[in-house]
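Line by line, the protein sequences are chains A and B.
Just remember that my numbering sits 762 ahead of the position in the first sequence, which is counted from 1.
Just remember that my numbering sits 1251 ahead of the position in the second sequence, which is counted from 1.
Every residue gets a Cβ at the ideal spot worked out from N, C-alpha and C, and that includes glycine.
See structure below.
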Amino acid sequence: MRILFIITVLFSFDALTDVIIVSPSDEAQEKIQEALILANPGDEVHLTAGTYSIEDGLSLDIDNIILSGEGHENTILDFSNQMTGAQGLLVTSNKVLLKDFAITNTKGDAIKAIGSDGIYFINIRTEWTSGPKSTNGAYGLYPVQSKDVLIDGCVAIGASDAGIYVGQSQNIIVRNSRAEYNVAGIEIENSYYADVHSNIAQHNTGGILVFDLPDLPQQGGHHVRVFSNQILNNDTDNFAPEGNIVGEVPRGTGVIVMANSDVEIFDNDISGNETMNIAIVSYSYEEAIDETDYYPHPRAIQIHNNRLSNSGYNPDMDKEIASVVKHLAKEDMPDIFWDGVLPLSQMIFGQPEQDKLILKDNYDSSFMSIKPIQYMLSLPNPVNRDSLDFKGTIEPLNTVIIDLPSGYND
Amino acid sequence: MTKKFVATISIAFLIFTLNVFSMVNEEMILSDTHPEKLSDFGFFSNPQRQLPNTGVLPYSLISPLFTDYADKTRFVYIPQTMRAAYEENEVFNFPIGSVLIKTFSYEAINSDRINLIETRLLLHKKNGWEAITYVWDKEQEEAYLNIAGKTVLTQYLDPSNNLTNLRYRVPNKNQCKECHLKNNSLVPIGPKPRNLNKIHHYSEGPMNQLVKWRAMNLISENIEIPQPISNYSDSEEPLNDRARAYLDINCGHCHSKNGSANTTGLYLNLLENNRKSIGINKPPVAAGRGAGTNKYSIVPGFPDQSILLYRMISNEPDIMMPESGRSIAHQEGIALIREWIDSME
Chain A
763 MRILFIITVL FSFDALTDVI IVSPSDEAQE KIQEALILAN PGDEVHLTAG TYSIEDGLSL
823 DIDNIILSGE GHENTILDFS NQMTGAQGLL VTSNKVLLKD FAITNTKGDA IKAIGSDGIY
883 FINIRTEWTS GPKSTNGAYG LYPVQSKDVL IDGCVAIGAS DAGIYVGQSQ NIIVRNSRAE
943 YNVAGIEIEN SYYADVHSNI AQHNTGGILV FDLPDLPQQG GHHVRVFSNQ ILNNDTDNFA
1003 PEGNIVGEVP RGTGVIVMAN SDVEIFDNDI SGNETMNIAI VSYSYEEAID ETDYYPHPRA
1063 IQIHNNRLSN SGYNPDMDKE IASVVKHLAK EDMPDIFWDG VLPLSQMIFG QPEQDKLILK
1123 DNYDSSFMSI KPIQYMLSLP NPVNRDSLDF KGTIEPLNTV IIDLPSGYND
Chain B
1252 MTKKFVATIS IAFLIFTLNV FSMVNEEMIL SDTHPEKLSD FGFFSNPQRQ LPNTGVLPYS
1312 LISPLFTDYA DKTRFVYIPQ TMRAAYEENE VFNFPIGSVL IKTFSYEAIN SDRINLIETR
1372 LLLHKKNGWE AITYVWDKEQ EEAYLNIAGK TVLTQYLDPS NNLTNLRYRV PNKNQCKECH
1432 LKNNSLVPIG PKPRNLNKIH HYSEGPMNQL VKWRAMNLIS ENIEIPQPIS NYSDSEEPLN
1492 DRARAYLDIN CGHCHSKNGS ANTTGLYLNL LENNRKSIGI NKPPVAAGRG AGTNKYSIVP
1552 GFPDQSILLY RMISNEPDIM MPESGRSIAH QEGIALIREW IDSME
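Below is the structure:
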């Protein structure tokens, strides 16, 4: 067994902790992986500045570990020559803090954390460096089935699905991060209690997506707040591999909420998006789905105090939803769109009060929803353009509180 | 009698006793640390020929996992006087101190010897199973503990008898766990009673493995012998049974409700009966490029529109399934699953 270079340092605030230091070399890949297997809980594995060429996916399965670099522009794990592994780094343990390094050009996902109770990404960059291409990996930062997820100060560029993707998780904060040139900038899917704030989502196909999908262990996504973000100039052609659900996203959509409940979107700057600024839609499907515990329509969506402007100037006519909206809007594309699809009984007798869409104080934004019965029967006036029909009292959702790593300040 | 003589007798007796029982080092199996050398466990009398010591019993599976066309020899060690418990549809519940041993090898070219690559161990310790692997040296004399995984450049004879280069990847400890994880603990996958219910050619002659295990008192004699799983290589058996057996052993350990791929909602274990969960007209969730241009995991009658088959055919790291454990495609498996999807209505 290779002897690891281990130095022990005395932290001012804590007891003995090992810091295992790895520097770039021909054997760095093996050394990093060995360190990630042999480290003890509480240890830090530190990667000094430089570019590491990695051929096989790395993985970490020890609790309470810090994996650190010297800045996401300085410590770079490059997977351009990757031979094996569905991702660059796989984390399957709890209380793991990843900070200050970059993962570039993985064949599949960049960093996946699965079933992690406490997973923290701080100042991490994931990037495919040749720009948006359908051969890029699917996800940049990808925690799934995890709890207490923090993504702070990260950068995600070029993912062929979502730059930042949180799936089937709960207690989530995504903040101060930048997602650009991805198909989806930031996506929260089948998740509970998420705060997505103070991020920049620009030049993606879609800026921020809040989705709920059927037939998964965790579904019924709810309580997501999207606030104080800059969701600007999303204008990249959809380059997702065909068949993916995000392949349906029209180029230039600021925010999409699909089938989620209890979503509050406020205080965002949403502008320059080629198709629409905000779209609220149902999950549509051809195949049979088990609806006993899946509800395909959005519920209790509140959109208020956003600054919306300059959208719909170049709608993506390759996507059905964009062409339908453009046709119904008679060329006057709305800032905010709701597809109006509801269960049949609600189409006839109306929605329960607590499920209704609420729009308030979105400045000069334009609006359109489809009246499904009129639309399906080809009756006159199939759309509603009056946002005042959706006024109501905003009931703010609670701030998400997560268990932060020790020594990490807000 | 001199003291020296007594001592000699005692030592001779001691050696004799150990020989009768086993050469296997039980203390090492239960130890917190692992020896550097595989030989320290004492599993083999002749490791090059994979001949086991007393107490280490070879076994084989009806339908095995595909691993780059590697040959596999399997052994089980159960501590003396102990027995494995039977649970329907589950792997035998082996007692603490048990070991499952699996050696991966290829036929050596221009030699009558086999080319040993690695020997994987599942050790049942006091606080659960642990997976470790030993990689054979060039001289094929000793296998050494491997932690971080290793690339072995080797060659194999492909199904059309062409000598082909292979970048064989020995898994690291975490990768072992990816497949062997169930409800967050590590468990064996292969030795389910239904997959063991077959004739094995022991050095003393052929015998049904479960009958043998009963006779050796490794399992209770009251065990009802279950229906064997289909042999996916046997074209005489019903197509659906073969395909389900193939998917069960190659995919079902991760793709099950308690496995590490349950994030996908695609369940390929033998007992799954929901058509959509098996993949029929099921859209992908987070497959990325893995979906290709296809919309569903399985499109009945259209194997080339089915993501499941697409991912079996591919060797790209982000598309291929399984994610680890192979670097080349399993042509016979692909042909089987193609035929199966093609036959569906």
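Within its own chain, the residues whose Cβ lies closer than 6 Å to the Cβ of I919 of chain A, once the five positions on either side in sequence are excluded, are E889, E942, Y943, listed in chain order. Using a CB distance cut-off of 8 Å, I1398 of chain B counts as an interface residue toward chain A.
When the Cα atoms are used, V1421 of chain B and P1568 of chain B turn out to be separated by approximately 15 Å. The stretch 1105–1124 of chain A makes no contact with the stretch 1074–1081 of chain A: fewer than 3 CB pairs, one atom from each, lie closer than 8 Å.
Proximity of chain B to N1006 of chain A at the Cβ level (cut-off 8 Å) is accounted for by P1535, A1538, G1539, A1542, in chain order.
Annotated three-state conformation of E806 of chain A is strand, per DSSP. Between G1016 of chain A and I1040 of chain A, the C-beta spacing is below 8 Å. In this chain, the alpha helix (DSSP H) harbouring M1109 of chain A covers 1106–1111. Taking CB atoms only, P1551 of chain B has no neighbour in chain A less than 8 Å away. W890 of chain A sits in coil when the DSSP states are folded into three classes, being neither helix nor strand. At a cut-off of 8 Å between beta carbons, T1284 of chain B makes no contact with chain A. From the listed residues A:L809, A:I948, A:G1014, A:I962, the smallest Cα separation to S787 of chain A is found for A:L809. Contacts between M845 of chain A and chain B, judged by CB atoms closer than 9 Å, involve T1402, R1418, R1420, P1568, S1578 in chain order. Burial is judged here by how many other beta carbons sit within 10 angstroms of a residue's own beta carbon; P1489 of chain B has fewer than 16 and is exposed.
Proximity of chain A to T1514 of chain B at the Cβ level (cut-off 8 Å) is accounted for by I876, V906, Q907, G929, Q930, L978, P979, in chain order. Taking 8 Å as the CB threshold, Y954 of chain A stays off the interface with chain B.
Cβ-Cβ separation between I782 of chain A and D805 of chain A: approximately 6 Å, consistent with a contact (criterion under 8 Å). Taking 8 Å as the CB threshold, S821 of chain A lines the interface with chain B.
Taking all protein chains in view, the Cβ of K1377 of chain B is surrounded by fewer than 16 other Cβ atoms within 10 Å, so the residue is classified as exposed. The C-beta of Y1056 of chain A comes no closer than 8 Å to any C-beta of chain B. The continuous alpha helix (DSSP H) containing E1429 of chain B extends over residues 1424–1431. C-alpha of S1140 of chain A to C-alpha of G1009 of chain A: approximately 29 Å in a straight line.
Secondary-structure assignment with DSSP links K1377 of chain B through no beta bridge to anything. Across the stretch 856–869 of chain A, CB contacts with chain B closer than 7 Å involve K869, in sequence order along the chain. Look at the stretch 1422–1452 of chain B: the residues with a C-beta under 9 Å from a C-beta of chain A are N1423, K1424, N1425, Q1426, K1428, E1429, L1432, N1435. Identification of residues in the stretch 779–800 of chain A having a C-beta nearer than 7 Å to some C-beta of chain B yields E792, Q795, E796, I799, L800, given in sequence order. Collapsing the DSSP output to three states places I816 of chain A in coil.
The beta carbons of G1552 of chain B and N1501 of chain B sit about 22 Å from each other, so the pair does not count as a contact at 8 Å.
No residue range can be given for I1329 of chain B, since it is assigned to no alpha helix (DSSP H) and is classified by DSSP as neither H nor E. Interface annotation for the stretch 930–947 of chain A against chain B: Q930, criterion Cβ-Cβ distance under 9 Å.
Within chain B, the residues whose beta carbon sits less than 8 Å from that of Y901 of chain A are A1537, G1539, listed in sequence order. For the set A:T779, A:I1018, A:I794, A:R987, the Cα lying nearest the Cα of P803 of chain A is the one of A:T779. Here N1344 of chain B is bridged, per DSSP, to B:A1336.
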